[in-house]
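Asks:
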Amino acid sequence: MHAANPLDDPTADPFQVAAAAASVIAETTGVERHDIALTLGSGWGRAADVIGETTHTIAAHEVPGFSKPALEGHVGTLRSIALPNGKRALVIGARTHYYEGHGVRRVVHSVRTAAAAGATTMILTNGAGGIRESWTAGTPVLIRDHINLTADSPLEGATFVDLTDLYSARLRALAHSIEPSLDEGVYVQFRGPHYETPAEVQMAKAIGGDIVGMSTALEAIAARQAGMEVLGMSLITNLAAGIQQTPLSHEEVIEAGRAAEPVISALLARIVAEL
Ligand code: 8IG
Numbered sequence: 061m062h063a064a065n066p067l068d069d070p071t072a073d074p075f076q077v078a079a080a081a082a083s084v085i086a087e088t089t090g091v092e093r094h095d096i097a098l099t100l101g102s103g104w105g106r107a108a109d110v111i112g113e114t115t116h117t118i119a120a121h122e123v124p125g126f127s128k129p130a131l132e133g134h135v136g137t138l139r140s141i142a143l144p145n146g147k148r149a150l151v152i153g154a155r156t157h158y159y160e161g162h163g164v165r166r167v168v169h170s171v172r173t174a175a176a177a178g179a180t181t182m183i184l185t186n187g188a189g190g191i192r193e194s195w196t197a198g199t200p201v202l203i204r205d206h207i208n209l210t211a212d213s214p215l216e217g218a219t220f221v222d223l224t225d226l227y228s229a230r231l232r233a234l235a236h237s238i239e240p241s242l243d244e245g246v247y248v249q250f251r252g253p254h255y256e257t258p259a260e261v262q263m264a265k266a267i268g269g270d271i272v273g274m275s276t277a278l279e280a281i282a283a284r285q286a287g288m289e290v291l292g293m294s295l296i297t298n299l300a301a302g303i304q305q306t307p308l309s310h311e312e313v314i315e316a317g318r319a320a321e322p323v324i325s326a327l328l329a330r331i332v333a334e335l
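One rule links them: number in this note's numbering = place in the sequence shown (from 1) + 60.
Written as structure tokens, this is what we have:
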């Protein structure tokens, strides 16, 4: 059995749990503050090995509020990495997805922990489906904006947060200066865990979406609430249902991620080096 997660207590203050998690990270690593945090989704895991030198690896379940990953290919660790430019990165390899059903507090806990650990830049990556037919599996895309179709929010009560420039124009310009060929797109978060029907993909396209996924929008909102600057990137691991003519499979997604991993990891390392 797992120890009870403090976030499952509805009377708990999620920001206090995040502060406790940040304290454990600081004590375990001896690093008082981390400057940048990265959540590495499907296909992006290798980036942790190339952006800098890992000085500490912490099992996520040893940190308050975190849980073991639900999925193979999602590594349940937090890593403290010394970057070549002297900054410190916290790499979160333990994403909790909304579809796991533990509630949105658990989903955004890693982002709040990163903010409590001192991070002012939040890099959110994911594997996702592509709606644009010009994209192929293995294409990395910058997230320009999102549409949140979960009908949920990490914000509680009358907390009004502006999302006009959620995916920082400054950071997108920086990414473009490093890789001018990067496309940008609007990320549409569905609840999942089923993939969309072709009709739902056509709806996402009609309302302005380019990318379909199951993770990043809720996390980005929490990052903005915490005052962080957000960079979002999707690896297109498949074309969305009905855009590609063959059925979607998780194996296909994992394989596309594996194939693209060296290229996108190197790209992310070059971006992080400029932050
Ligand atoms: I990887 O086609 C991956 N994640 N919603 N749709 C949604 N999420 C995804 C997809 C997809 N591919």
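Even for Gly, the Cβ is constructed at its ideal location relative to N, Cα and C.
In this text the structure is predicted, and so the values were computed from the model without any measurement.
Between the Cα of T137 and the Cα atoms of G105, A329 and T297, which residue gives the shortest distance?
Replies: Closest option to T137, Cα to Cα, is G105.
Asks: Near V290, what residues of its chain come up, given a Cβ to Cβ distance below 7 Å and the 5 sequence neighbours on each side ignored?
Replies: Excluding sequence neighbours, V290 sits near M182, L184, L226, Y227, S228, A280, A283 and R284.
Asks: Helix, strand or coil: which one does DSSP assign to V151?
Replies: Correct three-state label for V151: strand.
Asks: Near H94, which residues of its chain fall below 6 Å by C-beta distance, leaving aside the five closest residues on each side in sequence?
Replies: These residues qualify, in order along the chain: R148, L150, A177, G178 and A179.
Asks: Of the residues H169, Y158 and E260, which one's Cα is nearest the Cα of A97?
Replies: A97 has its Cα closest to that of H169, out of H169, Y158 and E260.
Asks: So, is E256 buried or exposed, given that buried needs 16 or more other C-beta atoms within 10 angstroms?
Replies: E256 comes out buried.
Asks: Counting only runs of 4+ residues fully inside the stretch 135-199, write out the alpha helix (DSSP H) ranges in chain order.
Replies: Complete alpha helix (DSSP H) runs here, min 4: 164-176.
Asks: What's the gap between the Cα of M61 and the Cα of R232?
Replies: Caution applies to M61, whose pLDDT of 43 falls short of 50 and renders its modelled position unreliable; the model cannot decide the point.
Asks: Name the DSSP beta bridge partners of T114, please?
Replies: Per DSSP, I141.
Asks: Name the DSSP bridge partner or partners of H254?
Replies: BP columns for H254 are empty, so no partner.
Asks: For the alpha helix (DSSP H) that V290 lies in, which residues bound it at each end?
Replies: Not the alpha helix (DSSP H): V290 falls in the beta strand (DSSP E), residues E289 to L299.
Asks: Determine the DSSP secondary structure at I203, reduced to helix, strand or coil.
Replies: Three-state result, I203: strand.
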